[in-house]
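For reference, the structure discussed in these notes is given below.
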């Protein structure tokens with residue numbers, strides 16, 4: 001699992017593939033989320049680059065980073 005820490009409370013976190021397809025989405029509880037490497041329907045993601053976006057309740061983008069998954 002991947003812990004994403006240091007987020008504002010109730011931040012919206014979206015994980016997409018490089019084509020912009022939504023992989024998973026979370027609301028930060030206590031300033032962090034934990035992603036287990038699965039899609040919203042519980043399937044394990046394949047190897048590749050994923051983008052992690054975080055925004056506050058107002059929708060302002062606060063953070064974006066890339067993540068490489070190697071299986």
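Numbering (this note's numbering), first residue to last: 1 to 71. Even for Gly, the Cβ is constructed at its ideal location relative to N, Cα and C. All values reported here derive from a predicted model rather than from experimental measurement.
Burial state of residue 19 is exposed, judged by a 10 Å Cβ sphere holding fewer than 16 other Cβ atoms. Checking the DSSP bridge columns, you'll see residue 17 partnered with 50. Going by DSSP, residue 60 is part of no beta strand (DSSP E) at all; its letter is neither H nor E. In the three-state reduction of the DSSP assignment, residue 8 falls in the coil class, being assigned neither a helical nor a strand state. For residue 27, the enclosing beta strand (DSSP E) stretches over residues 22–27.
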